[in-house]
Amino acid sequence: MLGLMQDWPLLVHKIIDHAALYHGGREVVSRSVEGPIVRTDYRAIAARARKVAHALDRLGIRLGDRVATLAWNTARHIEAWYGIAGIGAIYHTLNPRLFPDQLVYIANHAGDKVLFFDATFAGLVEALAPRLPGIELFVCLTDAAHLPKANIPNLVAYEEFIAGADDHFAWKEFDEHTACGLCYTSGTTGNPKGVLYSHRSNVLHAFIAGQADAMGLRAVDCVLPVVPMFHANAWAMAFVAPMIGAKLVLPGARLDGDSLCELLTGEKVTMTAAVPTVWLALLHYLEKTGKTLPDMKRVLIGGAAAPRAMIETFEKKYGIAVVHAWGMTEMSPLGTLGTLKPAIAELPYERQLDYKVKQGHPPFGVEMKIVDDDDRELPRDGRAFGRLKVRGPAVAKAYFRGEGEGAFGPDDWFDTGDVATIDADGYMTITDRAKDVIKSGGEWISTIEIENIAVGHPAIAEAAVIGIAHPKWDERPLLVVVLKPGLHATREEMLAYLSGRIARWWMPDDVVFVDAIPHTATGKIQKMALRERFGQYRLPTAAA
Ligand code: AMP
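Quick note, the sequence shown lines up with residues 7 to 550 if you use the working numbering.
Okay, structure coming up:
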């Protein structure tokens, strides 16, 4: 017998309609690409999103068509997302930090028909345009006065494009399983793969992310997603904030410490989110200037492991609670969040920190398990570590156009490519990417754990551990570190610092100091580039 409840399709544009009706005057503040700080609200965004929908419809964009965006976090970008989705077309976020060849591959693979882009990227778009034959219209997210003088065919300013369009244009009607968004994973091996979100998965993911022990956003909050909309949906913030009526602050193109601090303080931001490298720069800026962030209550750190020292600095020095989160593009992206369960909240602070450095526990809506090489489930004892598999209503079941089939197992269990432990309380710890883990004498060494401890050294800004070939042990760890400006440390000091903090056989066989560690387009340490750079490196222990 079926239930007798209504079929109320979970459609993304219903979120912005709800925000317009119940939180209509709630502010959305952007640092515009043109320069000034621009203020609007959910009511205006919803109306302008309908204009985008109408303008695209006039152009002939139909259900299932892909409309790309190459843009920073601004109100216009959000309007574009909702407008595209509202006619059943698919917003496709392009990451401007990728190489031009990758962007060309991705846009052509996606079959994008229109490209919305920020004026910042006019030069890039000019170079790409001849290689993107499928794109019929280039829409620069600005007004006619600021339209860059670039040699781009079929170029129009966004404000001209939506001028005259109907701000009461009716959304199209379609099933909640209709595709809504597309984002390619940066994929360090093989070609990038497209993750195709549906309206249903995006709405459910926003519900999941918004839970009190997940992001816990409320209408009284003011949230600043530093994490770009082109990095896995800005971790759901563009959906959760309007859903619950939080004020939204969008940082545009300027993500440096000074610019961020100005917005965080000036707009009284209570919650923000980004990858550790962004926080590294902000903390450095705060330390240098002696500034504080009095309104900030919570910071979400994810995308790469949050080091213990970073968590401690935010919490102890600035009184800002850290929520460490893990996820991936394929998961919309949230998988786990490190909020404290009651028994852990009662522990002394130092013990709580042991849990905060873990990647957290899954909210309802995410299932997870760890398995061995024969796909047998491993115990949840905090010690056994294996491949992390996940499933849920906001987890991918295939990649766009059938790429990368191997990752999707029976019963929808998706192999994340991460290696992890899960403890008895359900807290998961990423020990490594499967391809980064160091295999020493048949045992696995977690590079992330060593890196986390190494950056606790007061002179160290950033650390990476990679495996170097070893005649006796197969691989042994090499610690690569970047010093903080003006500070100094020696190889021996680093080894002495690690000694006693990690297992003896995990101790790096050597330490090298570098000027910078390379990062991927989504801010992760580029281990592959480091492995290439140190491919011929000979460890002092190799002769033994
Ligand atoms: P992306 O799809 O670009 O967001 O990358 C997802 C990958 O980033 C995951 O599979 C992890 O390897 C890594 N990652 C994300 N969050 C964390 C975290 N908190 N700690 C360690 N690794 C993380």
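Note that CB positions come from ideal geometry on N, CA and C, so glycine has one too. None of the values given here were measured: they were computed from a predicted structure.
Supposed close pair residue i, residue j - CB separation, criterion 8 Å
i: W332; j: G366; result: 6 Å
i: V487; j: V517; result: 7 Å
i: A527; j: R103; result: 4 Å
i: I456; j: I508; result: 6 Å
i: L121; j: I141; result: 5 Å
i: A343; j: P369; result: A small correction: the amino acid at residue 343 is Leu; Ala does not occupy that position in the sequence shown. 7 Å between Cβ atoms; contact.
i: A176; j: L138; result: Actually they are not in contact, since the Cβ atoms of A176 and L138 sit about 31 Å apart, beyond 8 Å.
i: H152; j: E40; result: 5 Å
i: R37; j: S265; result: 7 Å
i: L484; j: P514; result: 6 Å
i: A465; j: A440; result: Their Cβ separation, rounded to whole angstroms, is 31 Å, which puts A465 and A440 out of contact at 8 Å.
i: K263; j: L288; result: One point to set straight first is that residue 263 is Gly, not Lys, in the sequence displayed. Yes, G263 and L288 are in contact; Cβ-Cβ is about 5 Å, under 8 Å.
i: G341; j: V372; result: 6 Å
Buried/exposed call for residue i, threshold 16 Cβ in 10 Å
i: N157; result: exposed
i: H19; result: buried
i: H330; result: buried
i: Y355; result: exposed
i: M7; result: exposed
i: Y48; result: buried
i: K347; result: exposed
i: R389; result: exposed
i: G308; result: buried
i: E165; result: buried
i: H98; result: buried
i: K253; result: buried
i: P248; result: buried
i: D380; result: exposed
i: M11; result: exposed
i: L536; result: buried
Opposing strand residues paired with residue i [DSSP bridges]
i: E383; result: V377
i: M434; result: G366 and I428
i: N79; result: G258
i: F519; result: V487
i: A279; result: P231 and L306
i: W450; result: K445
i: G475; result: Checking the displayed sequence, the identity of residue 475 turns out to be Ala instead of Gly. Answer by DSSP bridge pairing, in chain order: E481.
i: R439; result: D424
i: A551; result: The structure shown has nothing for residue 551, since the chain only spans 7 to 550.
i: S505; result: I508
i: H237; result: In the DSSP output, where bridge partners are listed per residue, H237 has none listed.
i: H525; result: I531
i: K253; result: C228
Contacting residues, own chain, Cβ-Cβ under 7 Å from residue i (five flanking each side not counted)
i: A240; result: N79, P231, V233 and P234
i: R314; result: L359, V363, N458 and G462
i: V246; result: A212, A215, G216, M221 and L223
i: Y405; result: K199, G200 and V201
i: S207; result: S338, P399 and A400
i: K119; result: I67, D71, R72, V73, G140, I141 and E142
i: A522; result: V488
i: G117; result: R72 and G140
i: D225; result: Inspection of the sequence shows that residue 225 is occupied by Ala rather than by Asp. The residues are H29, I250, G251 and A252.
Same chain, Cβ closer than 8 Å to residue i, five either side skipped, listed in chain order
i: I436; result: A311, W332, Q365, L394, D424, V425, A426 and I454
i: D301; result: C228, L270, T271, K274, V275 and T276
i: A133; result: P106
i: A95; result: L62, I67, R68, L69, G70, D71, R72 and V73
i: R407; result: H115 and G200
i: E383; result: K375, I376 and V377
i: S204; result: E182, H183, T184, A185 and C186
i: A128; result: C146, P154, A156 and I158
i: M316; result: P282, W285, L286, L289, I307, V328 and V461
Contacts around residue i, its chain only, beta-carbon distance under 6 Å, and the 5 residues preceding and following it disregarded
i: G447; result: W479
i: T46; result: V34 and A81
i: N101; result: F236 and A527
i: A53; result: D173
i: H60; result: A171, D172 and F175
i: G92; result: H19, A59 and W177
i: D124; result: V39, A77, W78 and L147
Chain B within 8 Å of residue i, Cβ atoms only
i: G325; result: Checking the listed chains, one finds no chain B in this structure; it contains a single protein chain.
Heavy atom of the ligand ADP within 7 Å of residue i beta-carbon
i: T126; result: Looking for the ligand ADP in the displayed structure turns up nothing; the ligands present are the ligand AMP.
Complete alpha helix (DSSP H) runs within the region 281 to 356 (minimum length 4 residues, chain order)
Segments of the alpha helix (DSSP H) lying fully in the region 281 to 356: 282 to 295, 314 to 318 and 348 to 351.
Alpha helix (DSSP H) segments (min. 4 residues) lying fully within the region 119 to 203
Qualifying alpha helix (DSSP H) stretches, in chain order: 128 to 134 and 164 to 168.
Going residue by residue through the region 34 to 120, where are the continuous beta strand (DSSP E) segments of at least 3 residues, counting only ones entirely within it?
43 to 47, 72 to 76 and 96 to 99, all fully within the region 34 to 120.
If you scan the region 390 to 430 from start to end, which runs of the beta strand (DSSP E) of 3 or more residues do you find wholly inside it?
Listed in chain order, they are 392 to 397 and 420 to 428.
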